[in-house]
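**Q**
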Amino acid sequence: MIRKVIVAVLLLVLAVMAGTLAGCGGELPNDAVAKVGDTPIEEDAFDQRVEEFSAQYGYTEDTLGAEDWQAFKLDVLDYLITYEMAVQKAEDYGVSVTDEDVQEEIDLIITTYYDGDEAAFTEELTAADMTVEDLKASYKESMFMQKVYEQVTKDVTDVPDEEIASYYEENKDGYFVDETRVTRHILIAPGSNQDDTTTTTAAGETTTTTELTDADWDDALALAKEVRTKLVAGGDWTELAAEYSDDTGSADNGGELGAVGKGRMVPEFEEAV
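FYI, the numbering for the sequence shown is 24 to 296, going by the working numbering.
Written out as structure tokens, the structure is:
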């Protein structure tokens, strides 16, 4: 039963509003995957929520496949954006959810589904690899977003379809933002094992960059193919990035580059993603 409750809460949590990404704007800090108003959504926070949701759903990249895993991560990103939008609106509407509100919901679950047997409830939570605090946190977020939604929509009246269509046509350019994709890579740079030479003379220091040879490019391509073979065979992307990637900025973070928009990478990279 508790699994059904958890899934119901998570479905509500992940049922984000259409057009959420319109909440993003401006230049992103290097450590952010999105920004809502002036508030960035940091990559570490995003990674943590992906881990939490995937654990509660029982999802992994291996079970979903690469394409569905990326779609799942985008769903989580959409949720984080929507939640931040709700947080920014909550004060205007006087919306809050107290610990007492959440406890009432938990008590109702125990009474309704477990005949008041709190020990049985806790035991099933443990079997689902969750704690009571985990469930309370999920409920608090979902209750909070529901309250904000109710406040935002309480004065909404029925509008004729014709009026909706007309408004859309007049304003449709504002409904779309540039496409972004959450990406990662393992950079194999030719000649990465060669060092530049610095010569010091009376006139100062001169740095000489070693010119790449065809052999350097061939070696890099061979290594890239070797790494790809390991990935296809089920190798761990994070471990391989740490071992092989020449991108010092992402190698220790599984090669994660965050959300990348069109025109920010070389054409070959964009074609691949």
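Cβ atoms here follow ideal geometry from the backbone N, Cα and C, with glycine treated the same way. All figures in this text were calculated on a predicted structure; none of them were measured in a lab.
Assign residue 194 to buried or exposed, taking buried as 16 or more other Cβ atoms, counted over all protein chains shown, within 10 Å of its Cβ.
**A** exposed
**Q** Mapping the DSSP letters down to three states, classify residue 55 as helix, strand or coil.
**A** strand
**Q** Residue 295 to residue 93, Cα distance in whole Å?
**A** 14 angstroms
**Q** Which parts of the stretch 268-294 are runs of the alpha helix (DSSP H), unbroken and 4 residues or longer, counting only runs that do not cross its ends?
**A** none
**Q** Where are the alpha helix (DSSP H) runs, 4 residues long or more, that stay fully inside the stretch 57-123, in chain order?
**A** If we require 4 residues or more, the alpha helix (DSSP H) runs fully inside the stretch 57-123 come out as 66-80, 84-87 and 89-116.
**Q** Short of 8 angstroms in beta carbon distance, which residues of its chain neighbour residue 77, apart from the five on each side in sequence? Order them along the chain.
**A** 83 and 95
**Q** Which class does residue 206 belong to by DSSP, given the choice of helix, strand or coil?
**A** strand
**Q** Out of 62, 165 and 98, which one is the CA nearest neighbour of residue 70?
**A** 98
**Q** Using the C-alpha atoms, what's the distance from residue 178 back to residue 170?
**A** Going by the C-alpha atoms only, they are around 14 angstroms apart.
**Q** Residues in the same chain with beta-carbon distance under 8 angstroms from residue 181, minus the five sequence neighbours each way, listed in chain order, please.
**A** none
**Q** Do residue 110 and residue 163 have their CB atoms nearer than 8 angstroms?
**A** It is not a contact, given that the beta carbons lie outside the stated cut-off.
**Q** Leaving out five residues before and five after residue 302 in sequence, what residues of the same chain have Cβ atoms less than 6 angstroms from its Cβ?
**A** A query on residue 302 cannot be resolved here, the shown segment of the chain reaching from 24 to 296 and no further.
**Q** What residues in its chain sit with their C-beta under 7 angstroms from that of residue 289, if we drop five residues either side in the sequence?
**A** none
**Q** Going by CA-CA distance only, name the one from 287, 246 and 75 that's closest to residue 153.
**A** The shortest CA-to-CA distance from residue 153 to any of 287, 246 and 75 is the one to 75.
**Q** Straight-line CA distance for residue 239 to residue 214?
**A** The straight-line gap separating the alpha-carbon atoms of residue 239 and residue 214 is approximately 5 angstroms.
**Q** Using beta-carbon positions only, say whether residue 89 and residue 205 come within less than 8 angstroms of one another.
**A** no
**Q** Excluding five sequence neighbours on each side, which residues of the same chain lie with their C-beta closer than 6 angstroms to the C-beta of residue 63?
**A** 52 and 55
**Q** Inspect the beta-carbon positions of residue 261 and residue 272 and report whether they are closer than 8 angstroms.
**A** Not in contact: residue 261 and residue 272 (Cβ atoms no closer than 8 angstroms).
**Q** Per DSSP, what kind of secondary structure is residue 235 in: helix, strand or coil?
**A** coil
**Q** Residues in its own chain within less than 7 angstroms of residue 196 by CB, not counting five upstream and five downstream?
**A** none
**Q** I need the straight-line Cα distance from residue 160 to residue 123, nearest angstrom please.
**A** 12 angstroms
**Q** Which word fits residue 255, buried or exposed, when buried means at least 16 other C-beta atoms lie within 10 angstroms of its C-beta?
**A** exposed
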